[in-house]
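In terms of our numbering, the sequence shown has 1 at position 1, counting the first letter as 1, and numbering is strictly consecutive.
The C-beta atom is built at its ideal place from N, Cα and C for all residues, glycine as well.
Notes for the one structure printed next.
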Amino acid sequence: MPRLIVIAAMLTAAATAAFTPAASAQSSFFGISAPKTPVALHQKLDQPVAPRLLATLEQASHRGLAFRTKPDATVLKAIPGTRLTTDGKVGLLYVGADFCPYCASQRWGVMLTLLRFGKLGGLRYMLSTASDVYPNTVTVTFQHASYQSPYLDFQAVETADRDEQPLMIPNKLQMRILNTFDAPPYVHFAGSIPFVYLDGKYELGQLLVTPDQLKDQNWQQIATALADPKSALFRSVMPRVNLLTAAICHLDGGRPVDVCTASGVAAAKSVLAK
């Protein structure tokens with residue numbers, strides 16, 4: 001998994017943890033002018049996503065349940081971690097940053113998964129920075145995200161904005177998890193993002209979607225491709241999304257039944273580390 005964005009942890013005097021960018025992605029350009037952000041994309045930045053986009057993603061999420069290709073088992077790693085919640089729900093923690101191109105692509109797969117277990121709202125259009133690899137990768141931000149589910153508790157922390165300025169701060173439990181599981185031997189580089197942690201039992205070891213798969217497409221074009229069972233994007237992404245879905249089903253007692261017994265989820269479950 002090409003986790004090239006690394007962030008460093010800082011503790012304030014009150015022992016509250018925060019993340020800040022540690023490795024500037026701009027340095028990879030060695031003085032070469034970064035590409036500009038296309039006007040049509042820039043105009044949508046930080047605006048609420050259109051209902052049509054979310055509806056297409058819901059359709060994509062549902063269609064992927066029937067895709068029976070088995071995923072690579074290394075997408076998801078079993079870990080001996082700490083639970084995120086005490087209310088009986090399964091906790092899913094995402095940590096990323098708006099500037100990060102790998103976070104940008106990862107959010108698409110996370111959204112497809114979340115839509116199978118509840119209602120996702122508060123999404124806004126976002127692009128990764130124009131001055132890194134895969135510039136202007138089309139995505140959303142989870143900064144204002146809301147999530148309603150009887151099964152799953154979604155916790156999102158966007159640590160920095162598109163200009164690499166500090167944004168959201170992990171709470172103490174999230175910070176303890178990051179210090180342990182977003183560090184070797186669980187990842188190659190401490191503080192790598194995106195980081196996706198499933199209730200102390202699993203963490204993602206690979207991207208669900210890669211930035212190169214989203215190149216030269218707008219938001220609706222990406223969603224439409226994800227909803228098309230004949231597209232290369234659908235066929236690449238859905239086995240991985242089904243594996244994350246199977247892990248959630250394994251932890252929440254197989255609910256909802258229509259999701260957890262779907263043929264694609266059953267195929268993914270066969271390679272899930274227990």
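Exposure label - residue 280; buried when at least 16 CB within 10 Å: Absent from the structure is residue 280, since the part of the chain shown begins at 1 and ends at 274.
Going by DSSP in three states, residue 263 sits in which element: helix, strand or coil? Along the sequence shown, one-based indexing puts residue 263 at 263. Reduced to three states, the DSSP call for residue 263 is helix.
Specify whether the segment 69–79 and the segment 91–107 touch according to this definition: at least 3 beta carbon pairs, one from each stretch, less than 8 Å apart. no
In this structure, how does DSSP classify residue 115 when only helix, strand and coil are distinguished? Numbered from its first residue, the sequence shown carries residue 115 at position 115. Three-state DSSP puts residue 115 in coil, outside helix and strand.
Is the beta carbon of residue 202 less than 8 Å from the beta carbon of residue 76? Residue 202 sits at position 202 when you count from the first residue of the sequence shown. Residue 76 sits at position 76 when you count from the first residue of the sequence shown. It is a contact, given that the beta carbons lie within the stated cut-off.
If you reduce the DSSP assignment to three classes, tell me which class residue 141 lands in. Residue 141 sits at position 141 when you count from the first residue of the sequence shown. Strand.
On the CB-based measure, 16 or more other CB atoms within 10 Å of its CB, does residue 270 come out buried or exposed? In the sequence shown, the residue the question calls residue 270 occupies position 270. Its Cβ having fewer than 16 others within 10 Å, residue 270 is exposed.
Please list the terminal residues of the continuous beta strand (DSSP E) segment that includes residue 158. The residue labelled residue 158 in the question sits at position 158 within the sequence shown. Per DSSP, residue 158 belongs to the beta strand (DSSP E) from 152–158.
For residue 229 and residue 243, what's the separation of their Cα atoms in angstroms? Reading the sequence shown from its first residue, position 229 is the one you call residue 229. Reading the sequence shown from its first residue, position 243 is the one you call residue 243. Rounded to the nearest angstrom, the two C-alpha atoms are 17 Å apart.
Select from 47, 42, 63 the residue whose C-alpha is nearest the C-alpha of residue 264. Sequence index remark: in the sequence shown, residue 264 carries index 264 (1-based). It is 63 whose Cα lies nearest to the Cα of residue 264.
Please classify residue 215: does DSSP put it in a helix, a strand, or coil? Here residue 215 is taken as the residue at index 215 of the sequence shown, counted from 1. It is coil, neither helix nor strand.
Which partner residues of residue 88 appear in the DSSP bridge assignment? The residue labelled residue 88 in the question sits at position 88 within the sequence shown. According to DSSP, residue 88 bridges with nothing at all.
Proximity below 8 Å, CB of residue 159 to CB of residue 97: Working through the sequence shown from its first residue, we reach residue 159 at position 159. Working through the sequence shown from its first residue, we reach residue 97 at position 97. Yes.
Between 250, 226, 251, which has its C-alpha nearest residue 239's C-alpha? Taking the sequence shown and counting its residues from 1, the one referred to as residue 239 is at position 239. Selected option, being the one with the closest Cα: 226.
Straight-line Cα distance separating residue 185 from residue 38: As a position in the sequence shown, residue 38 is number 38, starting the count at 1. As a position in the sequence shown, residue 185 is number 185, starting the count at 1. When rounded, the distance between both Cα atoms is 40 Å.
Beta-carbon within less than 6 Å of residue 248's beta-carbon, same chain only, minus the 5 sequence neighbours each way: which residues are those? In the sequence shown, residue 248 corresponds to position 248, counting from 1. Taken in chain order, the residues that qualify are 90.
Please work out which residues of its chain come closer than 6 Å, Cβ to Cβ, to residue 143, disregarding the five sequence neighbours upstream and downstream, and give them in chain order. Sequence index remark: in the sequence shown, residue 143 carries index 143 (1-based). Apart from sequence neighbours up to five positions away, the residues of its chain that approach residue 143 with a beta-carbon distance below 6 Å are 158, ordered along the chain.
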